[in-house]
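The UniProt record's numbering numbers the first residue of the sequence shown as 1 and each following residue consecutively.
We put the CB at the ideal spot given by N, CA and C, even for glycine.
Model, not experiment: these values are computed from the prediction.
Data block below; observations after.
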Amino acid sequence: MSAIDDELARARADLDRVDPATAERLRHEGALFIDIRPVVNRVEEGEIPGSIPIERIHLEWRLDPHGEHRIAGFTEDTTVIILCNEGYASSLAARDLKRLGLRNATDLIGGYRAWSSASLPTHDGGTPATP
1 MSAIDDELAR ARADLDRVDP ATAERLRHEG ALFIDIRPVV NRVEEGEIPG SIPIERIHLE
61 WRLDPHGEHR IAGFTEDTTV IILCNEGYAS SLAARDLKRL GLRNATDLIG GYRAWSSASL
121 PTHDGGTPAT P
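Now the structure itself:
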């Protein structure tokens, strides 16, 4: 196993990852969806309604529950679901957010592509990322 595979396994061991159907239920219950995919992927493949695009390089600053640069609308107890293309980078990102104090940070198993394959709601992409 490579070093990154080991790191990914450790990250996922600390997450209560969600499949697309569970994520959809949580979305309706008020979970915050954060899309860390590059804009080119969001434009080509679409986005999940209500998701907030935040580039990976800004993620921790925008989702530190007590940071001065955080986005509005969440607390350390909010369920935050991170999504990427296929559910790899999102696992590492969710792990990092848990370390910052987001107790209920997790990620979407299979990422946006699994969501789309499950025929769950999407819309055209290209929403500018939160700077």
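Spatial neighbours of ALA31 within its chain, please: CB distance less than 6 Å, with the 5 preceding and 5 following residues excluded, ordered by chain position. THR79 and ILE81
Excluding five sequence neighbours on each side, which residues of the same chain lie with their C-beta closer than 7 Å to the C-beta of GLU76? Answer for GLU76: PRO65, GLY101, LEU102 and ARG103, listed in chain order.
Report the partner residues of ILE52 according to the DSSP bridge assignment. ILE34
I need the DSSP call for ILE57, collapsed to helix, strand or coil. helix
If SER90 and LEU83 are in contact, beta carbons under 8 Å, what's the gap, nearest whole angstrom? So it is a contact: roughly 5 Å between Cβ atoms.
Which residue comes first and which comes last in the alpha helix (DSSP H) that contains ALA89? 89 to 100
Short Cβ contact (8 Å threshold) for LEU59 with ARG70: no
Do ILE48 and THR130 count as a contact pair if the criterion is CB distance below 8 Å? no
Let me check one thing: in DSSP terms, what residues is VAL80 bridge-paired to? LEU32 and ALA105
Integer-rounded CB distance, given that ALA93 should sit under 8 Å from ILE36: For ILE36 against ALA93, the beta-carbon gap comes to about 6 Å, under 8 Å, which counts as contact.
Reduced DSSP category for GLU68 - H, G, I as helix; E, B as strand; rest coil: coil
Check each candidate in SER51, ARG99, THR127 and PRO128 and name the one with the smallest Cα separation from LEU26. Ranking SER51, ARG99, THR127 and PRO128 by Cα distance to LEU26 puts SER51 first.
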